[in-house]
Amino acid sequence: MDSLTQIALGASVSAICVSAQDKRRAAILGAVLGTLPDLDVLISYADPIDNFIEHRGFSHSLLVLIPLSILIWFLGKKLSNRVANDPYPWLASITLALITHPILDAHTVYGTQLFWPLNNPPSMWSTIFIIDPAYTLPLVIIALTVIIAPRWKATQKTLAIGLILSTSYLSWSWVAKILVVQKLASHMEVNEISSQKYFTVPTPFNTLLWRIVAMTPQGYYEGFYSLRKPNNPIKFRFVEIDPDAQAIALNLDAYKKLNWFSHGFLKTEIINNQLIISDLRMGLEPDYVFRFAIGDRKNGEWHPIVPLKAGTRYDRSRLVEIFKMI
Numbered sequence: 002m003d004s005l006t007q008i009a010l011g012a013s014v015s016a017i018c019v020s021a022q023d024k025r026r027a028a029i030l031g032a033v034l035g036t037l038p039d040l041d042v043l044i045s046y047a048d049p050i051d052n053f054i055e056h057r058g059f060s061h062s063l064l065v066l067i068p069l070s071i072l073i074w075f076l077g078k079k080l081s082n083r084v085a086n087d088p089y090p091w092l093a094s095i096t097l098a099l100i101t102h103p104i105l106d107a108h109t110v111y112g113t114q115l116f117w118p119l120n121n122p123p124s125m126w127s128t129i130f131i132i133d134p135a136y137t138l139p140l141v142i143i144a145l146t147v148i149i150a151p152r153w154k155a156t157q158k159t160l161a162i163g164l165i166l167s168t169s170y171l172s173w174s175w176v177a178k179i180l181v182v183q184k185l186a187s188h189m190e191v192n193e194i195s196s197q198k199y200f201t202v203p204t205p206f207n208t209l210l211w212r213i214v215a216m217t218p219q220g221y222y223e224g225f226y227s228l229r230k231p232n233n234p235i236k237f238r239f240v241e242i243d244p245d246a247q248a249i250a251l252n253l254d255a256y257k258k259l260n261w262f263s264h265g266f267l268k269t270e271i272i273n274n275q276l277i278i279s280d281l282r283m284g285l286e287p288d289y290v291f292r293f294a295i296g297d298r299k300n301g302e303w304h305p306i307v308p309l310k311a312g313t314r315y316d317r318s319r320l321v322e323i324f325k326m327i
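Numbering (the working numbering), first residue to last: 2 to 327.
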């Protein structure tokens, strides 16, 4: 999720655990801890693809963050009488501020390596868009409330209400996803569509209109389904895969990394004698956020290159068209 959401979530879950006199301190600490995992973006790896796939790696692992929370708590007991005198609420406060960050990130389509260093593909539950005001707004309100008026007699109740509202919305996103998947299964059966795998993800800023991508050996289907119009069929279009580009890419290490990270949801193209790979999970056909050049053709032969960002395609009018479907 976006940084504002993570800061507000960290502040809120941290503050609700401690006593009234400690709420402001806990909220400020929680805001810092809530954004701490994303500081991995400051690390520069070998190339843009490594930067892409290593984000939400070790710094988002529960196997790292839980021991880290215990270490911070232990140091807090040594350095602060407040923590020493009320240790277990502070342990809950610190731990929740850290671990709710990757758990929330796993709800997005980008994915999160919750169990790094295990070599599992990133968890991508894809129930919520990376920015969703309906989820974020209650958290921002209660985080500001506890910082501005930490000893207000209704602060604890306000924190509880805000967290219940945001968590209820996140729970609704799971219900919405289940409804979309059920509709997709019915649609594919009726229309005799055979898919190797698929994913569903909300379109920007809402959980009512969902994008669906279903892979086949020949290409992939992209479609949209609105929960506000449940009787409308899913509108699919088919995009063919370039078999030549795909055959070339399969042998390249950069493609293998991206294939692991994206769960195989990739588009391979040849553009201006370059082999371009796009992550199908983030964007709308044909506009994708993450695109990389991984090979080039010289004298009729293909050669791997140090991966380069291929440039983000973005057509604002396309997004406007999508919102009309809600």
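Using N, Cα and C, we set each Cβ at its ideal position, and we do this for glycine too.
Just so we're clear, the structure is a prediction, and the values are computed from it rather than from any experiment.
Buried or exposed (CB count within 10 angstroms, at least 16 for buried), S94: Indexing the sequence shown from 1 puts residue 94 at position 93. Classification of S94: buried, given that the 10 Å Cβ count is 16 or more.
Three or more C-beta pairs below 8 Å linking the segment 146-162 and the segment 211-229: no
Interface flag, F266 vs chain D, CB-CB below 7 Å: Within the model displayed, chain D is absent; a lone protein chain is all it includes.
Proximal residues to L160 (C-beta, below 7 Å), its chain only, five neighbours per side dropped: Counting from one through the sequence shown, the residue named residue 160 turns up at place 159. Taken in chain order, the residues that qualify are S13, A16, I17, I143 and V147.
Status (buried if at least 16 other CB within 10 Å, exposed otherwise) for Y89: Within the sequence shown, numbered from 1, the residue matching residue 89 stands at position 88. When all chains shown are included, Y89 counts as exposed.
Status (buried if at least 16 other CB within 10 Å, exposed otherwise) for F206: Here residue 206 refers to the residue found at position 205 when the sequence shown is read from its first residue. Counting Cβ neighbours within 10 Å, F206 comes out exposed, since fewer than 16 surround it.
Span separating the alpha-carbon of T128 from that of K299: Taking the sequence shown and counting its residues from 1, the one referred to as residue 128 is at position 127. Taking the sequence shown and counting its residues from 1, the one referred to as residue 299 is at position 298. In a straight line, the C-alpha of T128 is about 43 Å away from that of K299.
Nearest candidate by alpha-carbon position, reference S263, set N232, D41 and M125: As a position in the sequence shown, residue 263 is number 262, starting the count at 1. Minimum Cα distance to S263 is reached at M125.
Segment contact flag, the segment 319-326 with the segment 278-295, C-beta cutoff 8 Å, min 3 pairs: yes
Three-way DSSP call (helix, strand, coil) for K154 in this model: On the sequence shown, residue 154 is found 153 positions in, with the first residue counted as 1. Of the three classes helix, strand and coil, the one that applies to K154 here is coil, per DSSP.
Residue range of the alpha helix (DSSP H) that includes S70: Sequence index remark: in the sequence shown, residue 70 carries index 69 (1-based). Run containing S70: L63 to L80, per the alpha helix (DSSP H) assignment.
Among V214, T96 and T201, the one whose alpha carbon lies nearest that of L267: Here residue 267 refers to the residue found at position 266 when the sequence shown is read from its first residue. Per the Cα distances, V214.
A9 vs L140 beta-carbon contact at 7 Å: Taking the sequence shown and counting its residues from 1, one reaches residue 9 at position 8. Taking the sequence shown and counting its residues from 1, one reaches residue 140 at position 139. Yes; because the gap between Cβ atoms is below 7 Å, this pair is in contact.
Contact belief for I50 with L259 at Cβ below 8 Å, rounded distance in angstroms: Looking up residue 50 in the sequence shown gives position 49. Looking up residue 259 in the sequence shown gives position 258. I50 to L259, Cβ: 6 Å. Contact.
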